[in-house]
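This report concerns only the one structure given below.
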Amino acid sequence: MRLIKLGLVLALAVGLAACHKAGGGGNVDGARIAAADTNGEWVSYGKGYSEQRFSPLDKVNAGNVGQLGLAWYAQFDTDRGQEATPLVVDGVLYTTTAWSKVFAFDAATGKPIWSYDPKVDGKKGFDACCDVVNRGVAVWKGRVYVGALDGRLIALDAKDGHVVWSEQTTDPGKPFTITQAPRVVKDKVLIGNSGAEYGVRGYVTAYDAATGKKVWRFYTLPNPTGAPDGEASDKVLKEKAAATWPEGAWKLVGGGGTVWDAMVYDPQLDMIYFGVDNGTPWNQQDRSGGKGDNLFVSSIVAVKADTGEYVWHYQVNPGESWDYSAVQPMILADLTIAGKPTKVLMQAPKNGFFYVLDRTNGKLISAKPFVPVTWASSIDIATGRPVENPSARYKSSVELQMPAPLGAHNWHPMSFSPKTGLVYIPAQSMPFAFQADPNFVYKPGGWNLGVNLLANAGPTTPEQAKQLAAMIKGWLIAWDPVTQKPVWTVPRPYFWNAGVLSTGGNLVFQGAAEGQLYAYDAAKGTQLWSYSTGNGVIAAPMTYEIAGEQYVALMVGSGGGGQVSAPSLLPTRPRLPGRLLVFKLGGKATAPPFKINQLPPLDLTGVTTTGDKAHGYVVFNNNCQVCHGANATGSWLPDLKRSPMITTPDNFNSVVIQGVRAHNGMVSFSKFLTPKDVEDVRAFLISQAKGEPLPAPAAVAKTAVGAK
Ligand code: CA
Numbered sequence: 008m009r010l011i012k013l014g015l016v017l018a019l020a021v022g023l024a025a026c027h028k029a030g031g032g033g034n035v036d037g038a039r040i041a042a043a044d045t046n047g048e049w050v051s052y053g054k055g056y057s058e059q060r061f062s063p064l065d066k067v068n069a070g071n072v073g074q075l076g077l078a079w080y081a082q083f084d085t086d087r088g089q090e091a092t093p094l095v096v097d098g099v100l101y102t103t104t105a106w107s108k109v110f111a112f113d114a115a116t117g118k119p120i121w122s123y124d125p126k127v128d129g130k131k132g133f134d135a136c137c138d139v140v141n142r143g144v145a146v147w148k149g150r151v152y153v154g155a156l157d158g159r160l161i162a163l164d165a166k167d168g169h170v171v172w173s174e175q176t177t178d179p180g181k182p183f184t185i186t187q188a189p190r191v192v193k194d195k196v197l198i199g200n201s202g203a204e205y206g207v208r209g210y211v212t213a214y215d216a217a218t219g220k221k222v223w224r225f226y227t228l229p230n231p232t233g234a235p236d237g238e239a240s241d242k243v244l245k246e247k248a249a250a251t252w253p254e255g256a257w258k259l260v261g262g263g264g265t266v267w268d269a270m271v272y273d274p275q276l277d278m279i280y281f282g283v284d285n286g287t288p289w290n291q292q293d294r295s296g297g298k299g300d301n302l303f304v305s306s307i308v309a310v311k312a313d314t315g316e317y318v319w320h321y322q323v324n325p326g327e328s329w330d331y332s333a334v335q336p337m338i339l340a341d342l343t344i345a346g347k348p349t350k351v352l353m354q355a356p357k358n359g360f361f362y363v364l365d366r367t368n369g370k371l372i373s374a375k376p377f378v379p380v381t382w383a384s385s386i387d388i389a390t391g392r393p394v395e396n397p398s399a400r401y402k403s404s405v406e407l408q409m410p411a412p413l414g415a416h417n418w419h420p421m422s423f424s425p426k427t428g429l430v431y432i433p434a435q436s437m438p439f440a441f442q443a444d445p446n447f448v449y450k451p452g453g454w455n456l457g458v459n460l461l462a463n464a465g466p467t468t469p470e471q472a473k474q475l476a477a478m479i480k481g482w483l484i485a486w487d488p489v490t491q492k493p494v495w496t497v498p499r500p501y502f503w504n505a506g507v508l509s510t511g512g513n514l515v516f517q518g519a520a521e522g523q524l525y526a527y528d529a530a531k532g533t534q535l536w537s538y539s540t541g542n543g544v545i546a547a548p549m550t551y552e553i554a555g556e557q558y559v560a561l562m563v564g565s566g567g568g569g570q571v572s573a574p575s576l577l578p579t580r581p582r583l584p585g586r587l588l589v590f591k592l593g594g595k596a597t598a599p600p601f602k603i604n605q606l607p608p609l610d611l612t613g614v615t616t617t618g619d620k621a622h623g624y625v626v627f628n629n630n631c632q633v634c635h636g637a638n639a640t641g642s643w644l645p646d647l648k649r650s651p652m653i654t655t656p657d658n659f660n661s662v663v664i665q666g667v668r669a670h671n672g673m674v675s676f677s678k679f680l681t682p683k684d685v686e687d688v689r690a691f692l693i694s695q696a697k698g699e700p701l702p703a704p705a706a707v708a709k710t711a712v713g714a715k
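Just so we're aligned, residue 8 is where the sequence shown starts under this note's numbering, counting upward by one.
Set out below in structure tokens:
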């Protein structure tokens, strides 16, 4: 089989495009996306506009799934996280990889047709909280659209991948990124952005699909200057949102509220629904003096498709303070509730409650917890507001809370089967220690949370480690959205989960962190088939049919927010190149085992440091742990315990201060750390590389937050 290297793909592109038999014209319009809600096509991110991710295809079914084998595969030139869902249009499969690269293949044979690399500057990786991932393309009337990590929205010709137009959708001077798949509604390409951990002001924009000209923009929160933006959101921000933002750091920081994942469309109601991220800083005390609902942070917002004009909103977390965003995938369905056919919008956001809304008006129908939840006891149906546990509004003491900021459910796509009436949720649970950072100051370009991350540096004793491990879980949950109860549950050995597909063949497909792709009986949850990918899986499978044969496709590659920021919650493995695996009944292809290159343990003979490792422990966990793992336990982004860079101060400074690895996303930290901080971090890393215990609490207390 093929080992596809980017260069090879580029070299072959012209010749293959000429002799290729698959359609390749990207001939998708609104009627075709709407029809994909019920037919076997998969032509938009979530399949059709309602994003149910249910395919009626049933040639692969519970009776024969045991015969599923590899039809073809491709290997990519990046070993960062793979989150994309491929689309298939007229025999051509379009997908993206990390670093926003786009690939087109013959969907039946795997022959590469073209590829496109937007050549994102590696430095931009620093602005990506949760890996340099991309979740896929949109296809519309001969074009393929991708949102690049650096904020460009790019239209490519579907036949050969050449750039038709490119628009910078964000201020390049600010820490915005794009990881989301665009959606196209009525000749308008919708795109949002990410960056709420760093400090930006979120918005979603509709661009003319043919020309790239901006049609409308909706800001999710007021302009800190108080002035109108001249955009679709002006009226509602003035009338409903402005008063919910009293004084606070949001005016400096931007307030957050990015739209980085879910965007769905109801063609009958002609409404677009999008989800809004947390506020910046996380801590509402810092953000707005602990006052106000902070609209439209952590909300689901409905707007008119033509104009972006506000229709309704539902805020899942008023005055959000925990990174409990409402950007998680949304599914539109028609359910029978209390005997009445009801147009619903369903979401399982980070905060752990499963919400069913009436999508005609945004009214809450029901909300129940689908995982252990400690921040609220319930959601009041009459007001739509949560009944919060008073300790959830953390101050100086440490409050252990569930779910964690990584969420009870993150971006991993869920699926709704109209056949079983169940929503299949990739759910997860872990505690997080919330404690206010008494020294919060706005750090332009850095993380701005107002939360003491050191409180989450992890267990310091084996006993604590055992207790914590017992609280960290993942599940695939088959959830009845009408009764708001689980029907079956499959436990997952690891926390960070993977996307889901359900099919008319009575099957649910889901990958897993440990590297398997599983097929389950959709009604009972019995495992029917599995395949070992040799790498971690976080993306969602999709399925399509060509010439009477059904295929199942999956992007493979560990990564994303959970892998980057909490690698100790996942299987230990080096970074491996991403792959696209495509299966069919009787498939006989094989993918070779991955070559594993891992740095050996360091020889630290003669390595010395003048640094204070206890202070280095504090600095590391407040500045470095979100990429390199709490207490440097990480093994995924470079395991610093094995990095030759820690063996001399000069080596370490060249990376941390001079930024020689900026092309990989490791920019200079000279803005954030003093030379003493850097040497102290090096001392801490050397101590961890030697396997020494963590610094004793008394030594840490002297250098911790508040004791500077
Ligand atoms: Ca967030």
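Even glycine gets a Cβ: it sits at the ideal position worked out from N, Cα and C.
Computed from a prediction, not measured in an experiment: that's the story for all the values here.
Residue i classed as buried or exposed, judged by whether at least 16 other C-beta atoms fall within 10 angstroms
i    : result
A708 : exposed
Q291 : buried
M562 : buried
Q632 : buried
M652 : buried
T287 : buried
A462 : buried
I388 : exposed
Heavy atom of ligand 3 within 6 angstroms of residue i beta-carbon
i    : result
D178 : What this structure holds is ligand 1, not ligand 3.
Where residue i falls: helix, strand or coil (DSSP)
i    : result
F627 : helix
F112 : strand
V430 : strand
D215 : strand
S424 : strand
K473 : helix
K28  : Caution is warranted here: a pLDDT of 49 is assigned to K28, below 50, making its placement in the model unreliable, and no coordinate value can be reported.
L692 : helix
P704 : helix
A145 : strand
F659 : helix
H320 : strand
M721 : Because the chain in this structure spans residues 8 to 715, residue 721 falls outside the shown range and cannot be described.
P607 : coil
I479 : coil
E686 : helix
8 angstroms contact criterion, which residue i and residue j should meet: CB distance rounded
i    : j    : result
A526 : F516 : 5 angstroms
S694 : K591 : Actually they do not touch by this definition, with Cβ atoms about 52 angstroms apart.
G206 : N455 : 5 angstroms
A312 : Y280 : At roughly 11 angstroms, the Cβ-Cβ gap does not stay under 8 angstroms, so A312 and Y280 are not in contact.
P410 : S436 : 6 angstroms
V430 : W486 : 5 angstroms
D684 : V626 : 5 angstroms
F732 : S201 : Nothing can be reported for residue 732, as the shown portion of the chain is limited to 8 through 715.
Q354 : N417 : Wrong, their Cβ atoms sit about 12 angstroms apart, outside the cutoff.
For residue j and residue i, the rounded distance between their alpha carbons
i    : j    : result
Q74  : V67  : 9 angstroms
D293 : N446 : 10 angstroms
K357 : R366 : 20 angstroms
W319 : F439 : 32 angstroms
L483 : A203 : 28 angstroms
A216 : A596 : 39 angstroms
P63  : S424 : 9 angstroms
K166 : W106 : 22 angstroms
L407 : G414 : 14 angstroms
V589 : F112 : 11 angstroms
A706 : T186 : 41 angstroms
I338 : G55  : 10 angstroms
A477 : R39  : 47 angstroms
Beta bridge counterpart(s) of residue i as assigned by DSSP
i    : result
T103 : V109
M278 : D273, K311
E552 : Q557
T6   : This structure does not reach residue 6, given that the chain is present from 8 up to 715, and the question cannot be answered.
D365 : V351, K370
F439 : Q408
T184 : S201
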